[in-house]
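Undergrad: Line by line, the protein sequences give chains F and Y. Using numbering that gives the first Met the number 0, you'd call the opening residue of the first sequence number 0 and step up by one each time. Using numbering that gives the first Met the number 0, you'd call the opening residue of the second sequence number 0 and step up by one each time. We put the CB at the ideal spot given by N, CA and C, even for glycine. Below are the structure tokens for one structure; questions will follow.
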Amino acid sequence: MSEQELPDTAGYERWHVAVSAVVGIVVALLSVWWAQGFNVFYESIYRVDPGAGAGNGIGADWAAGNSIPALDFLIALIHAADVIMGIFILVMVFLHWAAFRRLAGQMQQPGEDVTDAVAADGGEPAARKITGRDGGGDDE
Amino acid sequence: MSNLDHGKFTRVTTLFHSLLGLDVFLLFFSGYAIMFNDELWWLMELMGGPNGVSAVHRITGVGLIALIVFWIVLQVISPTGRSNFGEIIPGKDDIDAFVQDVQFMLGRADERHPNARQFGGYKADEVPLLSYIGKGVVFIFSAELTLLAVSGLLIWSKTGVAALFQTKAAAAAFVTFHGLLGVIMLMGIMFHIFEHGFHPAFYPVETKAYIPRKLVPEYHADGEPETTGIERLTLSPSWGWASTLFGAATVVGIASVLMASILDEGYPVPRELTISGGPTNLLMTIGINVGILVLGVGLVLSMYGNVLRIRWERQLEQEGGSESGEVGAADD
């Protein structure tokens, strides 16, 4: 394969990549630093209440489960999204599976006696191809 | 025409894709070792118990934010990135491509629509930058990753969400939301691995995502080709059983995590309090582990794609002579 056959392609400038990488890392670190700041309420929330009585015992607030309607709704919504997307993705799997089987049927079968076949990526070359140029990727 | 098929990714994109994949796989392995702990207890042990798992999840979480921001900034500041915005907008062609895929499956169309075609072959010219699935991947994964990163940051310190939502149970519900959100992506990635690992012309991995387009020769013959030329390729002997096995594993994996997301929703505290552990059974345990195996295969294929890139670069260097230094240039 000579260099001349490789295409000219538009890519990314080195400095664009560098600037993006720096911004990405800085934002990631800043966001984590920001998230650490949430710790201020630690004491008041997890403090064990010694005066255990009705509704005052350790973990008493767990017994109620999640009682915030907005979060309940969010979870119900995401359940629905999971199911809808899950079924859609399964349809896509079957669709592609079937398409792949048809495409495989159009290809030369392994061991078939042909003269102008090229190997697919994982296949064995049934015979070398006509021009060296087109067959260059046989073992890739 | 080119039997290698056209490259789609620049060198930066191939690297980004591999790093993002590695990062997301680790996020899945650590996150679902927590959420589906009844079924994936071994994964948690493997990563050093609860502490190890949260460390892995947090480190890769920071990595994910860095990668997302890197990509957004790069797409906005570079002309190449900006020029690609038009290419990712779904259009009528994409709906046509889906319809034609259904017809192709049923035997009522002779070939796949250009917007669905993974193997362009001789007709690579009419294949757009992204297939309809590719556009869906870009949109769904972008939305998912953004929401997951934001909600993940909010529960970085659970006391923080507890402060926002006042009770520990509500905080746990928010964690559940985060986990359920990831299930869509988990299922999507399983399909993604099947789609790009088991196309008969590319099996076992589609190199377009690993070999930069700059290194993929394009050769166009005169005249209009009549077919994609797939009929001249020889099928790999192992494709039949491998695609059947992996296709089945993909279906089992997706169906199992979907079921588990409905039944096993509230680790550590469900919406309604259940006293015993999460509902689980042998079948679901096997199913979810099959799903994790599918992801594992994806990780291996991603590494294999990079091995193929290195081999191809070496081959180009050997054949290219003096100018081969350009192969490693970072300007793409």
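1. Starting from the beta carbon of residue 96/F, find every residue of chain Y whose beta carbon is closer than 7 Å, and list them in chain order.
2. Would you verify that the beta carbon of residue 187/Y is, or is not, closer than 8 Å to some beta carbon of chain F?
3. For residue 287/Y, which residues in the same chain have their Cβ closer than 7 Å to its Cβ, ignoring the five residues on either side in sequence?
4. Taking 8 Å as the threshold, find out whether the stretch 4-12 of chain Y comes into contact with the stretch 203-215 of chain Y through three or more Cβ pairs.
5. In chain Y, which residues lie with their C-beta within 7 Å of the C-beta of residue 99/F?
6. Quick one: is residue 33/F buried, meaning 16 or more other Cβ sit within 10 Å of its Cβ, or exposed?
7. Quick check: residue 54/Y and residue 43/Y, are their CB atoms within less than 8 Å of each other?
8. What number of angstroms, rounded off, separates the C-alpha of residue 252/Y from the C-alpha of residue 83/F?
9. Closer than 7 Å, Cβ to any Cβ of chain Y: which residues of the stretch 7-26 of chain F, in chain order?
10. Helix, strand or coil for residue 232/Y per DSSP?
11. On a CA-only basis, which of 151/Y, 131/Y and 83/Y is nearest residue 90/Y? Give me that one, please.
12. Would you say residue 192/Y and residue 102/F are within 8 Å of each other, going by their C-beta atoms?
13. Among 223/Y, 141/Y, 303/Y and 67/Y, which residue has its Cα nearest to the Cα of residue 203/Y?
14. Using only alpha-carbon positions, find the residue among 103/Y, 95/Y, 87/Y and 92/Y that is nearest to residue 94/F.
15. Please compile the residues from chain Y whose C-beta is within a distance smaller than 8 Å of the C-beta of residue 109/F.
16. Apart from the five residues on each side of it in sequence, which residues of its chain come closer than 6 Å, Cβ to Cβ, to residue 60/Y?
17. Considering residue 93/F, what are the terminal residues of the alpha helix (DSSP H) in which it resides?
18. Short check: CB of residue 118/Y to CB of residue 201/Y, under 8 Å?
19. Indicate the three-state DSSP secondary structure (helix, strand or coil) for residue 134/Y in the structure shown.
20. Where residue 11/F and residue 261/Y are concerned, what is the direct C-alpha to C-alpha distance, given to the nearest angstrom?
21. Is residue 176/Y buried or exposed, if buried means 16 or more other CB atoms sit within 10 Å of its CB?
22. At a CB-CB cut-off below 7 Å, which residues of chain Y make contact with residue 80/F?
23. Tell me whether residue 16/Y sits in a helix, a strand or coil according to DSSP, three-state version.
24. Identify the continuous alpha helix (DSSP H) that holds residue 103/Y and give its terminal residues.
25. Just confirm the distance between the C-beta atoms of residue 180/Y and residue 147/Y, as a whole number of angstroms; I'd bet it's less than 8 Å.
TA: Answer, in terms of the structure:
1. Sequence index remark: in the first sequence, residue 96/F carries index 97 (1-based). In chain order: 246.
2. Within the second sequence, residue 187/Y is the residue found at index 188, counting from 1. Chain F, which has a Cβ nearer than 8 Å to the Cβ of residue 187/Y, makes this yes.
3. If you number the second sequence from 1, residue 287/Y lands on position 288. Same-chain partners within the cutoff: 35, 38, 39, 255, 256 and 259.
4. yes
5. As a first step, residue 99/F must be located in the first sequence, where it is residue number 100. The contacting residues are 197, 198, 199 and 242.
6. Stepping through the first sequence from its first residue, residue 33/F is reached at position 34. Its Cβ having fewer than 16 others within 10 Å, residue 33/F is exposed.
7. Reading the second sequence from its first residue, position 55 is the one you call residue 54/Y. Reading the second sequence from its first residue, position 44 is the one you call residue 43/Y. Their beta carbons are not under 8 Å apart, which means residue 54/Y does not touch residue 43/Y by this criterion.
8. Translated into positions along the second sequence, residue 252/Y becomes position 253. Translated into positions along the first sequence, residue 83/F becomes position 84. Residue 252/Y and residue 83/F: Cα-Cα distance of roughly 16 Å.
9. 8, 9, 10, 11, 12, 13, 15, 16, 18, 19, 20, 22, 23, 24 and 26
10. Here the question's residue 232/Y lines up with position 233 in the second sequence. Residue 232/Y: strand per DSSP, three-state reduction.
11. Numbered from its first residue, the second sequence carries residue 90/Y at position 91. The shortest Cα separation from residue 90/Y among 151/Y, 131/Y and 83/Y belongs to 131/Y.
12. Here residue 192/Y is taken as the residue at index 193 of the second sequence, counted from 1. Here residue 102/F is taken as the residue at index 103 of the first sequence, counted from 1. The answer is no: Cβ separation not under 8 Å.
13. Walking along the second sequence from the start, residue 203/Y turns up at place 204. Residue 303/Y is the option with its Cα nearest to residue 203/Y.
14. For the purposes of this step, residue 94/F is taken as residue 95 along the first sequence, with counting starting at 1. It is 103/Y whose Cα lies nearest to the Cα of residue 94/F.
15. Counting from 1 along the first sequence, the entry for residue 109/F is found at position 110. Here the neighbours are 233, 234, 235 and 236.
16. Taking the first residue of the second sequence as position 1, residue 60/Y is located at position 61. Counting only Cβ-Cβ distances below 6 Å, and skipping sequence neighbours, we find 151.
17. Counting from one through the first sequence, the residue named residue 93/F turns up at place 94. Where residue 93/F is concerned, the enclosing alpha helix (DSSP H) stretches over 68-105.
18. Reading the second sequence from its first residue, position 119 is the one you call residue 118/Y. Reading the second sequence from its first residue, position 202 is the one you call residue 201/Y. It is a contact, given that the beta carbons lie within the stated cut-off.
19. Here residue 134/Y refers to the residue found at position 135 of the second sequence. Helix.
20. Residue numbering aside, residue 11/F sits at position 12 when the first sequence is read from its first letter. Residue numbering aside, residue 261/Y sits at position 262 when the second sequence is read from its first letter. For residue 11/F and residue 261/Y, the gap between their C-alpha atoms comes out near 43 Å.
21. Looking up residue 176/Y in the second sequence gives position 177. Residue environment for residue 176/Y: buried (at least 16 other C-beta atoms within 10 angstroms of its C-beta).
22. One-based indexing of the first sequence puts residue 80/F at position 81. Residues of chain Y passing the Cβ test: 183.
23. The sequence position of residue 16/Y within the second sequence is 17, counting from 1. Here residue 16/Y sits in helix by DSSP.
24. Reading the second sequence from its first residue, position 104 is the one you call residue 103/Y. That run of the alpha helix (DSSP H) goes 91-104.
25. For the purposes of this step, residue 180/Y is identified with residue 181 of the second sequence, where counting begins at 1. For the purposes of this step, residue 147/Y is identified with residue 148 of the second sequence, where counting begins at 1. That pair is a contact at about 6 Å.
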